[in-house]
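Position in the sequence shown (from 1) plus 34 gives the number in the working numbering.
Only one structure is covered here, and it is reproduced in the block below.
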Amino acid sequence: MSIYITGLAQMPLLVKRFDIQYLVSIVGADAQPPTPSDIPRSRHHRCIVDDIVEDQPGRVVPKTNHINDLIEFLHAWDTESSLLIHCIAGVSRSTAAALIARTMKTNDPKRAATALRIAAPYAWPNRRIVSLADSILGFEGKLIHARDEMGPADWQIDPDYKAPQLHGEQAHGHKEGRYAELEI
């Protein structure tokens with residue numbers, strides 16, 4: 035099956051379009067969406083963190099307990115069903131979680147990172163999330179190295195893209211329908 039990666043604004047549409055059965059919302063508390071009616075609550079994991087890599091006042095930096103819980107959810111994910119991971123823009127937190135998910139299922143960080151870069155040239159996985167997962171999963175730096183080897187995000191494929199911004203409880207972005215698909 036597949037891992038779909040997107041931003042908050044596109045999540046509800048993609049849940050329906052791809053018959054998503056497992057969902058990860060890796061966004062701050064102010065942006066957490068309701069669980070779509072098509073998904074059982076037990077299959078919707080909420081990872082309430084901000085897209086930061088070090089402590090900042092008033093923000094939630096990803097910590098070991100957050101990533102431990104994410105990994106437990108990903109272990110329970112039945113790869114016969116599709117998984118959708120979203121953050122606000124579908125660029126940093128969600129791509130980090132997708133990199134972790136694909137690596138967990140294939141046990142190959144380098145191939146997972148290569149597949150992510152091909153699927154989402156604009157991906158820029160949050161390095162703190164990846165680093166925490168590397169430690170928890172015992173990859174001894176291989177996941178971190180694979181992330182670093184991806185190189186910088188390539189925005190030239192879509193130079194007019196503007197990252198979505200949060201407006202109240204809704205995210206509105208320039209690109210409708212943006213998502214990436216990683217096959218397992």
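Don't be surprised by glycine CBs; every beta carbon is placed ideally from N, CA and C.
Item: Between the region 93-106 and the region 159-167, do at least 3 Cβ pairs fall closer than 8 Å?; Value: yes
Item: Buried or exposed for residue 185, going by 16 or more other Cβ atoms inside 10 Å?; Value: exposed
Item: Where residue 217 and residue 88 are concerned, what is the direct C-alpha to C-alpha distance, given to the nearest angstrom?; Value: 31 Å
Item: Roughly how many angstroms lie between the CA atoms of residue 203 and residue 167, to the nearest whole one?; Value: Interpretation of residue 203 is limited by its pLDDT of 43, a score under 50 that renders its predicted location unreliable; no figure is taken from the coordinates.
Item: Does the region 170-188 touch the region 112-120, meaning 3 or more C-beta pairs lie closer than 8 Å?; Value: no
Item: Does the distance from the CB of residue 131 to the CB of residue 83 come in under 8 Å?; Value: no
Item: Could you pull the start and end residues of the beta strand (DSSP E) that residue 36 belongs to?; Value: 36-41
Item: Counting only runs that start and end within the region 68-148, where is the alpha helix (DSSP H) found for 4 or more residues in a row?; Value: 98-110, 127-140
Item: Residue 37: buried (16+ other C-beta within 10 angstroms of its C-beta) or exposed?; Value: buried
Item: Short of 8 Å in beta carbon distance, which residues of its chain neighbour residue 90, apart from the five on each side in sequence? Order them along the chain.; Value: 84
Item: Rounded to whole angstroms, what's the CA-CA distance from residue 49 to residue 65? Just pull it up for me.; Value: 17 Å
Item: Buried or exposed for residue 150, going by 16 or more other Cβ atoms inside 10 Å?; Value: buried
Item: Taking the C-alpha atoms as reference points, what is the distance between residue 170 and residue 106?; Value: 11 Å
Item: So, residue 156 versus residue 188, is the Cβ gap smaller than 8 Å?; Value: yes
Item: Return helix, strand or coil for residue 215, following the three-state DSSP convention.; Value: strand
Item: Count the other CB atoms, across all protein chains shown, that sit within 10 Å of the CB of residue 108; report buried if there are 16 or more and exposed otherwise.; Value: buried
Item: Distance, Cα to Cα, residue 137 vs residue 92?; Value: 32 Å
Item: Counting only beta-carbon atoms, is residue 59 nearer than 8 Å to chain D?; Value: As a matter of chain content, chain D is missing from the structure shown, which is built from one protein chain.
Item: Tell whether a beta-carbon distance below 8 Å holds between residue 60 and residue 128.; Value: yes
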